[in-house]
Amino acid sequence: MVDLATTNSDIPSPKTFELSASETRTEHDLLGDAEVPAGVYWGVHTLRALSNFPITGVPIAHFPEFVRALALVKQAASRANHRLGYLATAKAEAIDQACEMVANGGYCRDQFVVDAIQGGAGTSTNMNANEVIANIGLELMGRKKGDYAALHPNDDVNMAQSTNDAYPTALRLAIIFAGGPLVAALEELAFAFKSKAVEFADVLKVGRTQLQDAVPMTLGQEFDAFFATIKEDIARLKEAMALFREVNLGATAIGTGINTDARYGPLAIEELARNSGIPMVPALNLIEATSDMGAFVLFSGILKRVAVKLSKICNDLRLLSSGPRAGFGEITLPVVQAGSSIMPGKVNPVIPEVVNQVAYMVIGHDLTVTLCAESGQLQLNAFEPTIGYCVLSSLRILTSAVETLAAKCVAGIAADRNRCRALVDDSIGLVTALVPTLGYEACSRIAKQALQQNKSVSQIVLEEELLTPEHLYRLLRPEMMTAPSRSLDQGMSFAQAGALPIT
Numbered sequence: 001m002v003d004l005a006t007t008n009s010d011i012p013s014p015k016t017f018e019l020s021a022s023e024t025r026t027e028h029d030l031l032g033d034a035e036v037p038a039g040v041y042w043g044v045h046t047l048r049a050l051s052n053f054p055i056t057g058v059p060i061a062h063f064p065e066f067v068r069a070l071a072l073v074k075q076a077a078s079r080a081n082h083r084l085g086y087l088a089t090a091k092a093e094a095i096d097q098a099c100e101m102v103a104n105g106g107y108c109r110d111q112f113v114v115d116a117i118q119g120g121a122g123t124s125t126n127m128n129a130n131e132v133i134a135n136i137g138l139e140l141m142g143r144k145k146g147d148y149a150a151l152h153p154n155d156d157v158n159m160a161q162s163t164n165d166a167y168p169t170a171l172r173l174a175i176i177f178a179g180g181p182l183v184a185a186l187e188e189l190a191f192a193f194k195s196k197a198v199e200f201a202d203v204l205k206v207g208r209t210q211l212q213d214a215v216p217m218t219l220g221q222e223f224d225a226f227f228a229t230i231k232e233d234i235a236r237l238k239e240a241m242a243l244f245r246e247v248n249l250g251a252t253a254i255g256t257g258i259n260t261d262a263r264y265g266p267l268a269i270e271e272l273a274r275n276s277g278i279p280m281v282p283a284l285n286l287i288e289a290t291s292d293m294g295a296f297v298l299f300s301g302i303l304k305r306v307a308v309k310l311s312k313i314c315n316d317l318r319l320l321s322s323g324p325r326a327g328f329g330e331i332t333l334p335v336v337q338a339g340s341s342i343m344p345g346k347v348n349p350v351i352p353e354v355v356n357q358v359a360y361m362v363i364g365h366d367l368t369v370t371l372c373a374e375s376g377q378l379q380l381n382a383f384e385p386t387i388g389y390c391v392l393s394s395l396r397i398l399t400s401a402v403e404t405l406a407a408k409c410v411a412g413i414a415a416d417r418n419r420c421r422a423l424v425d426d427s428i429g430l431v432t433a434l435v436p437t438l439g440y441e442a443c444s445r446i447a448k449q450a451l452q453q454n455k456s457v458s459q460i461v462l463e464e465e466l467l468t469p470e471h472l473y474r475l476l477r478p479e480m481m482t483a484p485s486r487s488l489d490q491g492m493s494f495a496q497a498g499a500l501p502i503t
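The sequence shown stops at residue 503 when you use UniProt numbering, and every number in between is there.
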């Protein structure tokens, strides 16, 4: 075998390739001969795809997890075919080494150039992978690119496979790979919120419902709720990711396994589990697994759920930090950049804002996945490329957004303790803590009177001598207002005195 140097080339857009290069090699397909740039590792099928699908400008190389997964699928198939005696040792070794270089060395990732969104249910992506791996293998064998008599993209690299099982298997594996960093990022974000919950445990503040003053709580409780909701989503994400371990490799075209040895599918999946480190398993019904997009719909829905919750949290952070003089002003967010080109000194909550926008994109991607899944016909869904593009894109931008939110926002949040306490002391919602003692109707009167006279609840209660200062202080202690604390003696005053009149 020839030792090939690893390349770290930048990933170009499919549109940037000069297809009229002066040095070419001739390849042919169903449509006839075509000139392929001599230096590239892809071939005629990829050339056709570059011409046919100039859609997004985003090549499949944009998703390294997907390229890695494609190479691992091809490697697993090659190993299974060699073990069964269908693939010669020299070819199997060349394919195996080529796949290893792509999967774990990043070699020739820039050669995975077809647009991520394409017609053909992913055929162009599969052909691109076959051609790149074949041409790397040919060079390892000491031969020139395009010498397909020695190692063929379809007959050898794609042996016992169809796009319809190789592509979705790789896509499922790629989602598992890409999902891991999102889970890790969410764990970090949850920890950041938990740390703030501990830090703010003694900061009493006003709770709000429907943007109106409600009962007191601590800022720590508010941040602990953020922690809890993120931990819940982490659990749901892990559950949904596990569905992608079930694959249809060996199903070939429609799930019947045409052109394969009956032993091939389970053996290829065994090899895939070994080379990927993920416990992949065969689908119970290969025909169903080839046409059904249910796992993608469910997982995309979980990503949407994460996005919705993160956006709601960011909305809360923006509200709580609004100000600095005319807003809530209960917390301050880290200052990361100037906020205005015309208003000196203005600072905006740009990190929560960018997370909001990422959430909106993920929500849109989820709708697209739903429509693509619903639109499949009979034994195959032709729209898997867009499903894959949307799910992998959502994973990428969500992961980046979560990492950014944790590091550049949550870690640096500070509480304005004086502001929080002042709002509590002035809040009409305090009267709720007095209901077990004074009764609902009396407390309604107190609340109304406090608003009309611009006085605090405590002032009204003490002026009317409804409670002693000591009793009032006990009822309005933070621990009495922020956790279940009612006792029988708390209601004695109201029970003995009867209802107070409302005037």
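In this text, a Cβ means the ideal position worked out from N, Cα and C, and glycines have one as well. Values in this document were obtained by computation on a predicted structure and should not be read as measured data.
Here residue 299 has 240 as same chain residues with Cβ atoms under 6 angstroms from its own Cβ, once five neighbours each way along the sequence are excluded. Within the same chain, 456 come within 7 angstroms of residue 425 by CB-CB distance, once the 5 residues on both sides are set aside. Scanning its chain for C-beta atoms nearer than 8 angstroms, with the 5 sequence neighbours on each side dropped, one finds around residue 104 the residues 68, in chain order. Annotation for residue 417: 203 place their beta carbon closer than 6 angstroms to its own, counting only its chain and skipping 5 residues before and after. By the criterion of a C-beta distance shorter than 8 angstroms, residue 251 is surrounded in its chain by 162, 164, 165, 257, 265, 283, 286, 287, 289 and 290, once the five residues flanking it on both sides are discounted.
For residue 217, the enclosing beta strand (DSSP E) starts and ends at 212 to 218. Residue 205 and residue 341 have their alpha carbons spaced roughly 34 angstroms apart. Using a 10 angstroms sphere on the CB of residue 349, the tally of other CB atoms reaches 16 or more, which defines it as buried. Bridge partners of residue 415 according to DSSP: 331. Setting aside the 5 residues that flank it on each side, residue 267 is surrounded in the same chain by 80, each with a C-beta closer than 6 angstroms to its C-beta; the list follows chain order. Here residue 130 is not near residue 102, since their CB atoms are 7 angstroms or more apart. Going by beta carbons, residue 311 and residue 242 fall outside the 7 angstroms limit.
Three or more Cβ pairs drawn from the region 56 to 73 and the region 382 to 398 lie within less than 8 angstroms of each other, which places the two stretches in contact. Its Cα nearest to that of residue 460, the residue 442 stands out among 442, 474 and 477. Distance from the Cα of residue 331 is smallest, within the candidate group 339, 219 and 229, for 219.
Rounded to the nearest whole angstrom, the CA to CA distance from residue 449 to residue 327 is 25 angstroms. Ranked by Cα distance from residue 201, the first of 214, 223 and 361 is 223.
Per the Cβ contact rule, the region 301 to 318 is not in contact with the region 373 to 385 (fewer than 3 Cβ pairs under 8 angstroms). With respect to residue 141, residue 94 sits close: the two C-beta atoms are nearer than 7 angstroms. Inclusion of residue 214 and residue 429 in the CB contact set at 7 angstroms is warranted, their separation being smaller than that value. Under the three-state reduction of DSSP output, residue 75 falls in the helix class. Shown here for residue 233: same chain residues with a beta carbon closer than 7 angstroms to its own, the five before and five after excluded, namely 186, 305, 306 and 309 in chain order. By a beta-carbon distance limit of 8 angstroms, residue 249 contacts residue 272. Their separation comes to about 7 angstroms. Apart from the 5 residues on each side of it in sequence, residue 171 sits with its Cβ closer than 6 angstroms to the Cβ of 388 in its chain, given in chain order. Going by DSSP, residue 28 is part of the beta strand (DSSP E) stretching over 24 to 29.
A straight line joining the alpha-carbon of residue 395 with that of residue 87 spans about 37 angstroms. In the three-state DSSP reduction, residue 113 falls in the coil class, being neither helix nor strand.
Comparing alpha-carbon positions, the option among 322, 383 and 276 lying closest to residue 177 turns out to be 276. In this structure, residue 27 sits near residue 43, with a CB-CB distance shorter than 7 angstroms. Between the alpha carbons of residue 91 and residue 33 lies a gap of roughly 25 angstroms. In this structure residue 167 touches residue 125 by the C-beta definition: roughly 6 angstroms separates them, less than 8 angstroms. The beta carbon of residue 475 sits closer than 7 angstroms to those of 433, 434 and 437, all from its chain and outside the five residues before and after it, given in chain order.
Annotated as distal: residue 73 and residue 229, with beta-carbon spacing of 7 angstroms or more.
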